[in-house]
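Beneath this line is the structure, given in structure tokens, with notes to follow.
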Amino acid sequence: MIEVQIKTDQTIKDISRNISDKAQLKELEIKVILPTEFRDEGIAQRFIKWLLGDRAVEGLMSDEIQDPLARLRKKCQEEKCQQFVEKLEICSNRVKSRKNTEENCHDEVIDMMRCVDHCAVQRAFKMLK
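Be aware that the sequence shown starts at 1, since it is given in UniProt numbering, and climbs by one per residue.
Have a look at this one:
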């Protein structure tokens, strides 16, 4: 559910009737409130852009927009896949401590990535349902 709070000298009914006439939507303040899990997906920015055009998004900072899957991956890495992260750190420290070695941590990286992706995808699909 998107709750839109609009401040202007026009009423909300006038705005919804004249939504296609963007010229009438001058000096508009819009606050879009979203559920927590959708805040980083850019829905608010897309709504404002649709309503007011490109000039509405000019003031938004690009670092406000984050990939929700990246956030889920980080959470999974910290919560569900900690054992794989620890194995990777041990391997990495071992490889760094040796000067001439052919050992790499490829298998540990793959194991950690599989765990993180599996966890993140499950959480992402739960959000879609």
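Ideal Cβ placement from N, Cα and C applies to all residues, glycine included.
CB contact flag (residue i, residue j, <8 Å)
i      : j      : result
Cys115 : Lys80  : yes
Met112 : Val85  : yes
Lys126 : Glu108 : no
Cys76  : Ala120 : yes
Proximity to residue i [Cα-Cα], best of the options
i      : options                     : result
Cys91  : Glu78, Gln77, Ile110        : Ile110
His106 : Gln77, Arg71, Glu89, Ala124 : Glu89
Extent of the continuous alpha helix (DSSP H) run through residue i
i      : result
Asp107 : 106 to 128
Glu89  : 82 to 97
Glu79  : 68 to 79
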